[in-house]
């Protein structure tokens with residue numbers, strides 16, 4: 001089965017590349033798509049699931065009855081203060097707050113504070129604030145109506161991520177194939193660029209596995225992940241070319 005041979009070629013048995021390269025490029029595209037699909041499912045689903053639950057909790061338990069009219073916040077019950085803790089963070093409304101440096105808000109390392117005409121967002125690493133536009137009018141009922149659309153948007157974004165990753169890794173495969181083209185010239189192995197590109201499509205298995213493990217152990221930036229994928233992909237295809245040197249007439 002080409003999936004098994006492709007996996008072995010890109011991981012433990014580079015000599016399998018001599019079989020993989022004989023397959024049509026459509027198999028390489030399919031293999032890469034399946035690899036990216038599995039990679040995306042493992043990395044994105046654990047994030048989307050809790051976010052969906054958080055959205056439900058925010059909608060049903062956290063957001064108080066409120067109105068924002070002409071850029072000013074007010075609570076429908078007439079009070080000036082509201083506080084709700086959510087998994088160690090806080091959602092707070094303080095209509096008397098002049099900034100986010102309040103005794104109550106400072107108790108939390110992260111959260112959202114809404115004053116009369118400003119929104120403050122605090123995380124462990126940074127803080128930001130936004131003025132509420134005077135043309136902005138909304139209330140809690142309207143936000144609850146938007147929540148289902150936001151959930152659907154998250155599902156759509158999952159498929160969008162797969163497509164974007166697939167296109168991105170096609171470019172990465174092209175770069176790896178160019179590295180392979182240099183390697184095959186040095187090693188004097190008779191391979192067409194089409195065969196090299198097909199090999200590059202399979203060569204991303206090991207890099208993706210490494211990035212997947214790192215995402216759970218020590219998450220890196222997207223640029224660092226791309227660099228790792230390119231370097232390991234190049235090493236993988238060079239190993240494959242070396243393994244085929246004795247099996248191809250030069």
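Numbering (my numbering), first residue to last: 1 to 250. We put the beta carbon where it would ideally sit given N, CA and C, even for glycine.
From residue 74 to residue 98, what does the alpha carbon distance come to, in whole angstroms? 15 Å
When we look at the beta-carbon of residue 135 and count the other beta-carbons within 10 Å, is it buried (16 or more) or exposed? With fewer than 16 Cβ atoms within 10 Å of its Cβ, residue 135 is classed as exposed.
CA-CA distance, residue 110 and residue 65? 22 Å
Is residue 226 closer than 8 Å to residue 279 when the C-beta atoms are compared? Residue numbering for the chain in the displayed model covers 1 to 250; residue 279 lies beyond these limits and cannot be assessed.
Taking 8 Å as the threshold, find out whether the region 75-88 comes into contact with the region 202-219 through three or more Cβ pairs. Too few Cβ pairs lie closer than 8 Å, so no.
What do you reckon, are the CB atoms on residue 39 and residue 166 nearer than 8 Å? no
In terms of residues, what are the limits of the beta strand (DSSP E) holding residue 242? It is not in any beta strand (DSSP E) - residue 242 instead sits in the alpha helix (DSSP H) that spans 222-244.
In DSSP terms, what residue 111 is bridged to: 90 and 122
Are the Cβ atoms of residue 43 and residue 232 separated by less than 8 Å? Remark: C-beta atoms of residue 43 and residue 232 do not approach each other more closely than 8 Å.
What does DSSP give as the partner residues of residue 139 in its beta bridges? 67
Label residue 31 either buried or exposed according to how many other C-beta atoms from any shown protein chain fall within 10 Å of its C-beta, with 16 as the threshold for buried. buried
When the distance is taken between beta carbons, is residue 94 closer than 8 Å to residue 129? no
From this set, 131, 117 and 108, which residue's C-alpha is nearest residue 124's C-alpha? 108
Cα-Cα separation, residue 244 to residue 152: 48 Å
Output the distance between the C-alpha atoms of residue 132 and residue 69, rounded to the nearest integer angstrom. 10 Å
Alpha-carbon spacing of residue 174 relative to residue 149, whole angstroms: 37 Å
Would you call the region 193-200 and the region 175-182 touching, i.e. three or more CB-CB distances under 8 Å? yes
Rounded C-beta distance between residue 127 and residue 119? I'm assuming under 8 Å. With 8 Å as the limit, residue 127 and residue 119 do not qualify as a contact, their Cβ atoms being about 11 Å apart.
If we call anything under 8 Å between Cβ atoms a contact, is residue 92 one with residue 112? yes
Taking only the alpha-carbon atoms, compute the straight-line gap between residue 224 and residue 72 and give it to the nearest angstrom. Taking the straight line from one Cα to the other gives about 43 Å.
Once DSSP output is grouped into helix, strand and coil, what is the label at residue 131? The three-state reading of DSSP puts residue 131 in strand, counting E and B together.
Could you tell me which residues DSSP puts in a beta bridge with residue 75? 66
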